[in-house]
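Enquirer: In UniProt numbering, the protein residues as written are 1 to 172. Where is the CB? At the ideal position from N, CA and C, for every residue including glycine. These numbers come from a predicted model, not from an experiment. Let me give you the structure first, and then I'll get to my questions.
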Amino acid sequence: MARRTSPSRPGAETSPARNLAESPLAWLARRSLVDATQLTAGERLRADFTRAQLTPRVTSRWTEVAGSGTPETFSDMVLTAKLRVSRAVTAVGPELSGVLLDVCCFLKGLELVEREHGWPARTAKVVLGLALDRLATHYGLARAAHGRPRAPLRSWHAAPEPDGGDTASATS
């Protein structure tokens, strides 16, 4: 299990424990099938999903919750995480949110998602990419901008004089 720590607060954990080896999204990222922005967006959704306690459990959990917060603070954190998950799913839309939740939150593989939805082979990868792009946009994550270092010159006009006169019509 891996826990991420905050660089600004040594020892402070920023996300719940998770096994990165079990994540289908991490598997896709290791094979360059999703980019860093998509991975960040998907892992952020997964962290909120875990904080919101939406993961299914088979047995009861009798261990004490780690942390120094009161039960009211804890329930506020859970409710806030649920709200973030709800907003993210709404932003992605009903067409794409299913595959996003299946892969990022319920940790289903792409082949299983394709079988469950009745999709042709290798379709889930494309749909997941679209869903992750929309999720990254919702979170305000952007890929690096690439383009010309300078815009092409569109016209050549003389600059106006500071007193408002035109340099071409000025007389000596």
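So the candidates are 110, 120, 100; which of them puts its Cα closest to the Cα of residue 41?
Expert: Minimum Cα distance to residue 41 is reached at 100.
Enquirer: For the alpha helix (DSSP H) containing residue 98, name the first residue and the last one.
Expert: Taken as a continuous stretch (DSSP letters only), the alpha helix (DSSP H) holding residue 98 covers 94-100.
Enquirer: In whole angstroms, what separates the C-alpha of residue 125 from that of residue 76?
Expert: If I take the Cα positions, the gap works out to 35 Å.
Enquirer: Verify whether the separation of the beta carbon atoms of residue 103 and residue 25 is less than 8 Å.
Expert: A contact, by the Cβ cut-off of 8 Å.
Enquirer: Please classify residue 31: is it buried, with 16 or more other beta-carbons within 10 angstroms of its beta-carbon, or exposed?
Expert: Exposed, since its Cβ has fewer than 16 Cβ neighbours within 10 Å.
Enquirer: According to the neighbour-count rule (16 or more other Cβ atoms, all chains shown, within 10 Å of its Cβ), is residue 55 buried or exposed?
Expert: Classification for residue 55: exposed.
Enquirer: Just confirm the distance between the C-beta atoms of residue 85 and residue 49, as a whole number of angstroms; I'd bet it's less than 8 Å.
Expert: Contact holds; Cβ gap of about 5 Å.
Enquirer: DSSP three-state call for residue 109: helix, strand or coil?
Expert: In the structure shown, residue 109 sits in coil (DSSP, three-state: anything other than H, G, I, E or B).
Enquirer: For residue 135 and residue 45, which I take to be in contact (beta-carbon distance under 8 Å), what is that distance rounded to the nearest angstrom?
Expert: The Cβ separation is near 6 Å, so the contact holds.
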